[in-house]
Amino acid sequence: MFDFEKLEVYKKAKQFNKEVRFFLSTSKTIDSVSKNQLRRASFSIVLNIAEGTSRFSKADKRNFYVISRGSAFECVAAFDCLLDEEIVSQEQFKEFYGKADELSRMLFRMIENLMGN
């Protein structure tokens, strides 16, 4: 088993990605650019957590977790724009927002721990 597979944040990121992909596959009104960007951002959260665990130095690990956290922010911004366009409902937005917020907080704690605070 790889180290990242043991992390709760990785498991939650994978579930978030799965839910985003399901949303994208069922949404008939989202444009292809937004769909592609959101798919890539949600996948980036998962991949950067995994890649971060492969690094040896704290600084390298931290960098990948920072990128992963940035991708979570990117997902929230994308959903916020989709909310404005009424492509996503307020309820769907709150659901994705809450999950992205949880991922962000978990990643922030990991980043903090690698800074020695």
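So the mapping is simple: the working numbering equals the position in the sequence shown, first residue as 1, plus 20. Glycine residues also receive a C-beta, built at the ideal position from the N, C-alpha and C atoms.
query: Nearest by alpha-carbon distance to E71: which of C95, A98, Y85, L134 is it?; result: Y85
query: Let me confirm a value: M21 is counted as buried when at least 16 other C-beta atoms fall within 10 Å, else exposed. Which label applies?; result: exposed
query: In whole angstroms, what separates the C-alpha of S124 from that of I69?; result: 12 angstroms
query: What first and last residue would you give for the alpha helix (DSSP H) that runs through S88?; result: 78-104
query: Give every residue of the same chain whose Cβ lies closer than 7 angstroms to the Cβ of K119, excluding the five residues on either side of it in the sequence, and list them in chain order.; result: F36
query: Should M126 go down as buried or exposed, given a rule of 16 or more other Cβ atoms within 10 Å for buried?; result: buried
query: Taking D121 as part of the alpha helix (DSSP H), name the residues at either end of that continuous run.; result: 110-134
query: Given A33, which residues of its chain have a CB within under 7 angstroms of its CB, disregarding the five upstream and five downstream residues?; result: I65, V66, I69, L123
query: Is it a yes or a no for the region 127-136 touching the region 42-58, going by three-plus beta-carbon pairs under 8 angstroms?; result: no
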